[in-house]
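Take a look at the structure below.
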Ligand SMILES: C[S@@+](CC[C@H](N)C(=O)[O-])C[C@H]1O[C@@H](n2cnc3c(N)ncnc32)[C@H](O)[C@@H]1O
């Protein structure tokens with residue numbers, strides 16, 4: 005089989021569009037099922053244009069099976085034990101894990117290989133978990149779910165359903181690889197962006213929007229889409245990078261902010277509150293407001309890349325290398341009443 009065909013078959017498997025096996029078929033009357041399938045099809049058609057496409061075949065190297073070892077309610081998400089794989093699979097595993105590098109979100113341990121990621125996503129989850137109440141029985145969306153670290157952590161609270169919306173194909177493949185051994189039934193992944201939430205009117209009880217708003221040129225539109233996708237009394241949980249300030253204002257950086265491209269509006273906390281209130285949200289409260297620290301974002305063996313410290317001014321960590329105010333993180337909870 006040619007490389008391209010293998011790539012296609014991996015994605016055909018993920019995007020089977022087979023209603024009998026589609027978790028959303030059960031919800032077809034509550035969501036705009038035709039629209040979602042149309043968008044899924046568009047993803048499938050465009051896969052050949054993705055930079056990652058020609059390498060998809062490497063994920064075939066280890067056949068999926070449900071591991072007997074799954075730990076999702078602790079800081080490190082653990083899937084699989086070494087003795088569940090044969091020698092050749094263990095070699096393939098190391099190849100696949102290196103191929104996925106850099107591991108930006110985690111930590112995970114996969115078949116006894118610890119994958120320390122650039123971000124200590126467990127620290128973010130620790131702060132969120134203790135502030136949001138139970139997720140048990142809830143329908144949840146995680147916008148920009150990346151490799152799915154938070155999807156696994158959310159699933160530990162026994163929700164009805166968790167859907168990750170993430171348009172980057174590499175993250176979809178990484179998640180699918182992890183899930184092919186974890187097989188946690190409540191978690192699902194759509195290779196679609198936040199824009200696709202319009203097909204889920206009044207559907208979710210909780211929407212997580214972590215690390216998204218400042219990466220988008222129209223944060224108000226995103227918040228409006230999220231608002232509509234929530235049921236009454238549904239909650240949004242935001243983690244937004246922003247800057248210090250008492251006024252309601254936003255900083256609009258040049259092409260890069262702390263080294264990163266694609267950063268648009270960095271709000272002060274009062275501005276973030278106004279964004280939420282203008283999108284219709286009530287009961288807006290902040291439960292975390294701190295400077296981002298290199299305990300949380302740093303290079304690691306599995307993410308040997310430049311990270312926060314490289315992008316703060318040496319000798320003055322209150323400024324970025326571009327001379328802008330250094331980033332803070334605001335975590336905010338708000339309700340659709
Ligand atoms: C800064 S990361 C945050 C990841 C994760 N939510 C977290 O808090 O660690 C932003 C994520 O949003 C994804 N993303 C990019 N465009 C998106 C879109 N239109 N809709 C949803 N997610 C998007 C990126 O691929 C990336 O995984």
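Residue numbers (the working numbering): 5 to 341.
Even for Gly, the Cβ is constructed at its ideal location relative to N, Cα and C.
Treat the numbers as computed from the prediction; the structure is a model and nothing was measured.
- For residue 243, the uninterrupted beta strand (DSSP E) segment begins and ends at 234 to 246.
- For residue 312, no alpha helix (DSSP H) segment is defined, and its DSSP state is neither H nor E.
- Judged by DSSP secondary structure, residue 118 falls within the beta strand (DSSP E) whose first and last residues are 117 to 119.
- Checking the 7 Å criterion, the Cβ of residue 171 is within range of a heavy atom belonging to ligand 1.
- One Cα belongs to residue 187, the other to residue 264, and the distance between them is close to 34 Å.
- Bridge pairing for residue 251: absent [DSSP].
- Between the region 269 to 278 and the region 327 to 338 there are three or more C-beta pairs closer than 8 Å, enough to call the two in contact.
- With fewer than 16 other beta carbons inside 10 angstroms of its own, residue 95 counts as exposed.
- Nearest Cα to residue 97 within the set 126, 117, 321, 252: 117.
- Taking all protein chains in view, the Cβ of residue 39 is surrounded by fewer than 16 other Cβ atoms within 10 Å, so the residue is classified as exposed.
- When C-beta atoms of the region 169 to 179 are compared with those of the region 202 to 214, fewer than three pairs fall below 8 Å, so the two segments do not count as touching.
- Taken through DSSP and simplified to helix, strand or coil, residue 52 comes out as helix.
- With respect to the C-alpha of residue 239, the residue from 245, 230, 109, 247 having the closest C-alpha is 230.
- Per DSSP, reduced to three states, the secondary structure at residue 186 is helical.
- Taking a cut-off of 8 Å for Cβ pairs, the region 116 to 134 and the region 293 to 310 touch, as three or more such pairs fall below it.
- Sixteen is the threshold: since fewer than 16 other Cβ atoms of the shown chains lie within 10 Å of the Cβ of residue 130, the residue is exposed.
- Each of 107, 79, 86 was checked against the Cα of residue 158, and the nearest Cα belongs to 79.
- Per the DSSP secondary-structure output, residue 304 pairs in a beta bridge with 307.
- Short note on residue 133: C-beta not closer than 7 Å to any heavy atom of ligand 1.
- Only exposed fits residue 162, as fewer than 16 other CB atoms lie within 10 angstroms of its CB.
- Spanning the alpha carbons of residue 284 and residue 340 requires a straight line of approximately 7 Å.
- Only residues of its own chain outside the window of five on either side were considered, and among them 112, 156 have a CB closer than 6 Å to the CB of residue 81, listed in chain order.
- Between residue 183 and residue 191, the C-beta gap is smaller than 8 Å, which places the two residues in contact.
- Scanning the region 51 to 139 for uninterrupted alpha helix (DSSP H) segments of 4 residues or longer gives 91 to 104, 125 to 136, listed from N- to C-terminal end.
- Shown here, residue 230 sits in a helix according to DSSP, grouped into three states.
- Distance from the CA of residue 99 to the CA of residue 151, rounded to the nearest whole angstrom, comes to 18 Å.
- Nearest in C-alpha terms to residue 244, of all of 293, 210, 258, 324, is 293.
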